[in-house]
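One structure is given here, and the rest of the page talks about it.
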Amino acid sequence: MPIKVNSDLPAVSVLEKENIFVMSDTRASAQDIRPLKIAVVNLMPVKKTTEIQLLRLLGNTPLQIEISLVCMENHTSKNTDEQYLEKFYITSNELFNQKFDGMIVTGAPIEHLSFESVDYWHELCDIMDYAKSNVFSTMYLCWASFAGLYHHYKIKKYPLERKMSGIFMNYRTTDGDPLLRGFDDTFPIPQSRHTTLKKEEVLACRKLSILAESAEAGVTIIKSKDNREIFMTGHLEYDTNTLSDEYFRDTEKGMSVPLPKNYFPTNNVCRAPLNYWRSTAHLFYSNWLNYYVYQQTPFELSSIDKTR
Numbered sequence: 006m007p008i009k010v011n012s013d014l015p016a017v018s019v020l021e022k023e024n025i026f027v028m029s030d031t032r033a034s035a036q037d038i039r040p041l042k043i044a045v046v047n048l049m050p051v052k053k054t055t056e057i058q059l060l061r062l063l064g065n066t067p068l069q070i071e072i073s074l075v076c077m078e079n080h081t082s083k084n085t086d087e088q089y090l091e092k093f094y095i096t097s098n099e100l101f102n103q104k105f106d107g108m109i110v111t112g113a114p115i116e117h118l119s120f121e122s123v124d125y126w127h128e129l130c131d132i133m134d135y136a137k138s139n140v141f142s143t144m145y146l147c148w149a150s151f152a153g154l155y156h157h158y159k160i161k162k163y164p165l166e167r168k169m170s171g172i173f174m175n176y177r178t179t180d181g182d183p184l185l186r187g188f189d190d191t192f193p194i195p196q197s198r199h200t201t202l203k204k205e206e207v208l209a210c211r212k213l214s215i216l217a218e219s220a221e222a223g224v225t226i227i228k229s230k231d232n233r234e235i236f237m238t239g240h241l242e243y244d245t246n247t248l249s250d251e252y253f254r255d256t257e258k259g260m261s262v263p264l265p266k267n268y269f270p271t272n273n274v275c276r277a278p279l280n281y282w283r284s285t286a287h288l289f290y291s292n293w294l295n296y297y298v299y300q301q302t303p304f305e306l307s308s309i310d311k312t313r
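Given below as structure tokens:
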């Protein structure tokens, strides 16, 4: 899938070296098709890394996608230059003036805070409310999945005794759902979080379905029964070295963090980890774009609110 983004975005050169098709505005305008409009609300501190991770996955199916990167209007980023955000991102206020086929809301390393203590919580709630009538399908990742479940369905997050870090095997809890079409009977999902959900609280909500869970990591993929919201507690977008970078960063700070499970060969941190979730990640995002966005979204975006 050709990805239409600002040609100066640093992620473009990285993706082109990986043979990911990134399209210029000029070439995109010459194609007589309507691209899928996807907004990425990037809450991660190091935004460039997350951009590359997500654009890599969104660029692996045969349709044209127009990406809008979104940042918080009332939050000052400590790790990304303000000029960079002004050049490549739109704010939530600009987001509210448009409609989108799909939206992704990323995680954020703020699990130790209550939702209401996050400085952009009210702004994020406005985005989540906006999405219900102006975005056809929204995917929430890691912390954002907990935030979305709490805001929309009053499902709480619970702290873990120790950080859950590693690659955990999952299994489908339902057959035939398009989101998991082509998946193996068991499949890996990277996890890096300090909180969890209670399965019984999810099951008690009649508007939600659990699609996948893990014996070690608990509930991992949830969707609304109208297919308009997807909640993923993990990080299929993670690069091969993301968990090791997190582990070494934290240990160098003197923090007591667990060794990521099922990650370093023979649990030896001197051995380079192998990526065995990449194919699952590409299939997951391709299925979402195809079955939950492209096949269902109205051609006229102005009618999205009428499809509820």
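One point on numbering: in this note's numbering, the residue at position 276 of the sequence shown is 281, and numbering is uninterrupted. For glycine and all other residues, C-beta sits at the position ideal for the given N, C-alpha and C.
Own chain residues within Cβ distance below 7 angstroms of A35, not counting five before or after = As a working mapping, residue 35 is identified with position 30 in the sequence shown. For A35, the pLDDT reaches just 42, beneath the cut-off of 50, and the residue's location in the model is therefore unreliable, leaving the point undetermined.
ask   = Is the beta carbon of S138 less than 8 angstroms from the beta carbon of N175?
value = Numbered from its first residue, the sequence shown carries residue 138 at position 133. Numbered from its first residue, the sequence shown carries residue 175 at position 170. Their beta carbons are not under 8 angstroms apart, which means S138 does not touch N175 by this criterion.
message = Would E121 and N79 be called neighbours here (beta carbons separated by less than 8 angstroms)?
response = Along the sequence shown, one-based indexing puts residue 121 at 116. Along the sequence shown, one-based indexing puts residue 79 at 74. No, Cβ-Cβ distance for E121 and N79 is not below 8 angstroms.
request  = Please work out which residues of its chain come closer than 6 angstroms, Cβ to Cβ, to T31, disregarding the five sequence neighbours upstream and downstream, and give them in chain order.
outcome  = Numbered from its first residue, the sequence shown carries residue 31 at position 26. Note on T31: pLDDT 49, under 50, position unreliable in the model; the coordinate value appears next. No residues qualify anywhere along the chain.
ask   = Quick one: is D250 buried, meaning 16 or more other Cβ sit within 10 Å of its Cβ, or exposed?
value = The residue labelled residue 250 in the question sits at position 245 within the sequence shown. By the neighbour-count rule (16 or more Cβ atoms within 10 Å), D250 is not buried but exposed.
task = Determine, using beta-carbon pairs with one atom in the segment 138-153 and one in the segment 231-239, whether at least three such pairs fall under 8 angstroms.
result = yes
task = Could you tell me whether the Cβ atoms of V140 and L48 are closer together than 8 angstroms?
result = Taking the sequence shown and counting its residues from 1, one reaches residue 140 at position 135. Taking the sequence shown and counting its residues from 1, one reaches residue 48 at position 43. No, the Cβ-Cβ distance between V140 and L48 is not below 8 angstroms.
task = Put E221 into one of helix, strand or coil per three-state DSSP.
result = Locating residue 221 in the sequence shown gives position 216, counting from the first residue. Note: E221 maps to coil in three-state DSSP.
ask   = Under 8 angstroms between the Cβ atoms of I226 and W282?
value = Walking along the sequence shown from the start, residue 226 turns up at place 221. Walking along the sequence shown from the start, residue 282 turns up at place 277. No. Outside cutoff.
request  = Please say whether A136 and M108 have beta carbons closer to each other than 8 angstroms?
outcome  = Looking up residue 108 in the sequence shown gives position 103. Looking up residue 136 in the sequence shown gives position 131. Yes, the pair counts as a contact, with Cβ atoms nearer than the cut-off.
ask   = Anyone know if the C-beta pair for K204 and G187 falls short of 8 angstroms?
value = Residue 204 sits at position 199 when you count from the first residue of the sequence shown. Residue 187 sits at position 182 when you count from the first residue of the sequence shown. For K204 and G187, no; Cβs fall outside 8 angstroms.
message = My output table needs one value for L165: the three-state DSSP class, helix, strand or coil.
response = If you number the sequence shown from 1, residue 165 lands on position 160. The answer is strand: DSSP assigns L165 an E or B state.
request  = Return helix, strand or coil for K53, following the three-state DSSP convention.
outcome  = The residue labelled residue 53 in the question sits at position 48 within the sequence shown. It is helical.
query = Looking only at its own chain, which residues have a Cβ that is under 8 angstroms from the Cβ of T302, when we skip the five neighbours before and after it?
reply = For the purposes of this step, residue 302 is taken as the residue at position 297 of the sequence shown. For T302, where only same-chain residues beyond five positions count, the Cβ hits under 8 angstroms are L41, D106, G107, F141, S142, I309.
inquiry  = Quick check on D37: buried or exposed, where buried means 16 or more other Cβ atoms within 10 Å of its Cβ?
reply    = For this step, residue 37 is matched to residue 32 along the sequence shown. Unreliable placement is indicated for D37, whose pLDDT of 45 sits below 50; no coordinate value is reported for it.
Local conformation of L241 per DSSP, three classes = Taking the sequence shown and counting its residues from 1, the one referred to as residue 241 is at position 236. Residue state, collapsed to three classes: coil.
query = Does the count of Cβ pairs from the segment 154-168 and the segment 272-280 closer than 8 angstroms reach three?
reply = no
task = Would you grab the beta carbon distance between I57 and L63 for me? Rounded to a whole angstrom, and I think it's under 8 angstroms.
result = In the sequence shown, residue 57 corresponds to position 52, counting from 1. In the sequence shown, residue 63 corresponds to position 58, counting from 1. Wrong, their Cβ atoms sit about 11 angstroms apart, outside the cutoff.
Opening and closing residue of the beta strand (DSSP E) in which H199 lies = In the sequence shown, residue 199 corresponds to position 194, counting from 1. Start and end: 191-201.
ask   = From L294 to E305, what distance separates their C-alpha atoms?
value = Here residue 294 refers to the residue found at position 289 when the sequence shown is read from its first residue. Here residue 305 refers to the residue found at position 300 when the sequence shown is read from its first residue. For L294 and E305, the distance between alpha carbons rounds to 17 angstroms.
inquiry  = If I measure Cβ to Cβ from N84 and keep anything under 6 angstroms in the same chain, skipping five residues before and after, which residues do I get?
reply    = Start at 1 with the first residue of the sequence shown, and residue 84 comes out as number 79. Hits under 6 angstroms: P50, V51.
For C130, the three-state DSSP class (helix, strand or coil) = Your numbering for residue 130 matches position 125 in the sequence shown. Three-state DSSP puts C130 in a helix.
Coil, strand or helix - N267 by DSSP = Numbered from 1 along the sequence shown, position 262 holds the residue referred to as residue 267. Three-state result, N267: coil.
inquiry  = Rounding to the nearest angstrom, what Cα-Cα distance links R39 and N102 in this structure?
reply    = Numbered from 1 along the sequence shown, position 34 holds the residue referred to as residue 39. Numbered from 1 along the sequence shown, position 97 holds the residue referred to as residue 102. Between R39 and N102, the C-alpha separation is close to 19 angstroms.
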